[in-house]
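Asker: Dropping a structure here in structure tokens format, bear with me for questions.
Numbering (full-length UniProt numbering), first residue to last: 1 to 599.
Written out as structure tokens, the structure is:
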């Protein structure tokens, strides 16, 4: 299969943009387009702007620009550095942590940021299951939290916790959120912010606008506005970049990235990614009491079947044919960008692509072929006919699914491919109403968050809330190792525990790690000076662990000392390519669904 290519010349731009307008252009932020506005194209809808609920890449990316945390990931190496907390100190037994909150920091509405805001945020998570939805793993072993005074925060934990310097939890203002009756409700706009930007406008499936926080403790950003504009697919986003309607795009396909090489106004960025892409298997969906939920095929509870499926997927072919070489084949659960924690199976445990061995394994496990060639589950008597759910409009899902379907057909497994919206994928994979599904998560410098996704505690409650499950694995050995690593402060010992956890995942095979794709980005270098990347060098602009890329945004006119630029936008009127004034916001979109997986 070939990656679809398309021309990016002037005529092609006109046709694509005209088609997008005919399909219906989204509304745009009310303020005029100017050189002081950085417009970012995204092809994933915002799941929520509630900091206690959002788990997707786009949602958390936006929220990190609005809410500062106790610590942030440094631009140099993503290691924890001071955020709202100037410093911190653990007790000798590592059960009490004292954080000193930054002096003089203020919320965007002028109120002082104090330790009481942090204590309120954490205490709410301890008391309310909904507030623990996105980041509950960080407070799971906490005993209490208190503000001794305006600058002193004290956290007491039941057991030592190695993640205390990397708590990925947005701190919310007590004077706002203490008045919120429903912590799971959409927040009121404009939001009150502690980060470099303030979320001021939101139109579902259209855009999110952020405004510079003039009270930000590091200093106000150089731009006035930061707009995240939603496009149904990445083709339309790239066309918007070329036409000048947006300034920054990431998650480009290899074909798009290659075609942009000759564009004089565009600068590309090829960064090593921190994301793992996976094919998850419903290994036995259940809620947090152990009660079965969903409608997954019962045969997928058998690790022998799951291992055979993993051996029937050729990750190297996916890297070459679908990712165009801009990726690494899958191996361990922690992405290789985080080399210290990354694990690859040794030769004696590796399962290289081999259809013959996968067939033999299924024969030995008793999955005999029926008259139509499809194997049958010896326990339930059901044919091995699985639904494969992917994200409509996502290049990797759509391009790789035919490969996966054919490989599994070769080993006697029937696959029905279903491409649906990102919302439906998230709903199905939380409710357990799937067999196989494309997923993936961005790793953090500290691996605790993604490790927790495979624990029993990641399962939702009976109402489907309170957690973020992945494959619904619930393995006592894995859970015991997870508890040990979270309490281990000896770095070498913790690394070894994390690698042992990855070995358990490899043996249980609740997912196939398909690969680690590079982050392919591009921006308008005629409008913006080079952005801060993280990690630096070789990192990404749009980094979900930090706000450095957006905060560093500098219009070219300011960088050269020429003053702010009014900007010029290319648009389409009546099917012709014309120049429009800075306020003319034409946003091309095609009516195809797309999404990127959860963070």
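We put the beta carbon where it would ideally sit given N, CA and C, even for glycine. Every value quoted in this text rests on a predicted model; they were computed, and no experiment measured them.
For residue 283 versus residue 473, is the C-beta distance shorter than 8 Å?
Answerer: Going by C-beta atoms, residue 283 is nearer than 8 Å to residue 473.
Asker: Any idea which residues DSSP pairs residue 389 with across the strands?
Answerer: In the DSSP output, where bridge partners are listed per residue, residue 389 has 418 and 437.
Asker: Which of helix, strand or coil does DSSP assign to residue 72?
Answerer: If DSSP states are grouped into helix, strand and coil, residue 72 belongs with the strands.
Asker: Determine the burial state of residue 56: buried for a count of at least 16 other Cβ atoms within 10 Å of its Cβ, exposed for fewer.
Answerer: It is buried - the Cβ of residue 56 has at least 16 other Cβ atoms within 10 Å.
Asker: Assuming residue 310 and residue 351 make a contact with CB atoms under 8 Å, what is their CB distance in whole Å?
Answerer: With 8 Å as the limit, residue 310 and residue 351 qualify as a contact, their Cβ atoms being about 6 Å apart.
Asker: How far does the alpha helix (DSSP H) with residue 609 in it extend, from its first residue to its last?
Answerer: Nothing about residue 609 can be read from this structure; the chain reaches only from 1 to 599.
Asker: Going by alpha carbons, who is nearest to residue 101 out of 91, 118 and 93?
Answerer: For the residues 91, 118 and 93, the minimum Cα distance to residue 101 belongs to 118.
Asker: In three-state terms, what does DSSP make of residue 167?
Answerer: In the structure shown, residue 167 sits in coil (DSSP, three-state: anything other than H, G, I, E or B).
Asker: Run the CB neighbour count on residue 446, radius 10 Å, all protein chains shown included, and call it buried at 16 or more, exposed below.
Answerer: Buried: at least 16 other Cβ atoms inside 10 Å.
Asker: In the stretch 294-381, which residue ranges form an unbroken beta strand (DSSP E) of at least 3 residues, counting only runs that do not cross its ends?
Answerer: The qualifying runs are 327-329.
Asker: Out of curiosity, what's the CA-to-CA distance linking residue 143 and residue 153?
Answerer: Each residue's alpha carbon lies about 14 Å from the other.
Asker: Here's the rule I'm using: 16 or more other beta-carbon atoms within 10 Å means buried, otherwise exposed. How should residue 173 be labelled?
Answerer: Residue 173 should be labelled buried.
Asker: Is residue 197 helix, strand or coil when you go by DSSP?
Answerer: It is a strand residue.
Asker: Spell out a yes or no on whether the stretch 188-207 and the stretch 543-550 are touching, meaning 3 or more CB-CB pairs, one atom from each, closer than 8 Å.
Answerer: Counting Cβ pairs under 8 Å, three or more are found: they touch.
Asker: Use the C-beta contact count for residue 463: other C-beta atoms within 10 angstroms, 16 or more gives buried, fewer gives exposed.
Answerer: The residue is exposed, with fewer than 16 neighbouring Cβ atoms inside 10 Å.
Asker: Hey, is residue 137 close to the ligand PLP, as in C-beta under 7 Å from one of its heavy atoms?
Answerer: The model depicted lacks the ligand PLP and carries no ligand whatsoever.
Asker: In chain order, what residues of the same chain lie with their CB nearer than 7 Å to the CB of residue 176, ignoring the 5 residues before and after it?
Answerer: Correct list, in chain order: 192.
Asker: In whole angstroms, give me the CA-to-CA distance for residue 601 and residue 250.
Answerer: Within the shown structure, residues of the chain are numbered from 1 to 599, placing residue 601 beyond reach of any answer.
Asker: Ignore the nearest five residues each way along the sequence and tell me which others in residue 318's own chain have a CB closer than 7 Å to its CB.
Answerer: Excluding sequence neighbours, residue 318 sits near 400, 403, 514 and 515.
Asker: Kindly give me the distance between the Cβ atoms of residue 312 and residue 305, rounded to whole angstroms, as I take these residues to be in contact under 8 Å.
Answerer: Contact doesn't hold; Cβ gap of about 11 Å is too wide.
Asker: So, under 8 Å CB-CB, residue 458 and residue 469 are touching, yes? Tell me the CB distance rounded to an integer number of Å.
Answerer: Sure, about 5 Å apart at Cβ, within 8 Å.
Asker: Flag this pair as yes or no: are the beta carbons of residue 240 and residue 73 separated by less than 8 Å?
Answerer: Contact flag unset, no.
Asker: Distance check for residue 254 and residue 346, CA to CA, integer angstroms please.
Answerer: Answer to the nearest angstrom: the Cα atoms are 30 Å apart.
Asker: Mind reading off the beta-carbon distance from residue 487 to residue 71? Whole number of angstroms is fine, and I expect it under 8 Å.
Answerer: Actually they do not touch by this definition, with Cβ atoms about 19 Å apart.
Asker: Under the assumption that residue 414 contacts residue 385 (Cβ atoms under 8 Å), give the Cβ distance between them as a whole number of angstroms.
Answerer: That belief holds up - the Cβ atoms of residue 414 and residue 385 are roughly 4 Å apart, short of 8 Å.
Asker: For residue 520, which of 157, 540 and 461 has the nearest alpha-carbon?
Answerer: Ranking 157, 540 and 461 by Cα distance to residue 520 puts 540 first.
Asker: Which term fits residue 45, buried or exposed, when burial requires 16 or more other beta carbons within 10 angstroms of its beta carbon?
Answerer: Burial call: buried.
Asker: Who are the Cβ neighbours of residue 359 in its own chain at under 6 Å, not counting the five residues just before and after it?
Answerer: Only 411 meet the Cβ criterion.
Asker: On the three-state DSSP scale, how would you describe residue 407?
Answerer: Three-state DSSP puts residue 407 in a helix.
Asker: Count the CB pairs spanning the stretch 126-146 and the stretch 77-84 that are closer than 8 Å, and state whether there are at least three.
Answerer: No contact exists between the stretch 126-146 and the stretch 77-84.
Asker: Please go through the same chain and pick out, in chain order, the residues whose beta-carbon is closer than 6 Å to the beta-carbon of residue 429, but skip the five residues on each side of it.
Answerer: Same-chain partners within the cutoff: 437.
Asker: Taking all protein chains shown into account, decide if residue 232 is buried (16 or more other Cβ within 10 angstroms of its Cβ) or exposed.
Answerer: Under this definition residue 232 is a buried residue.
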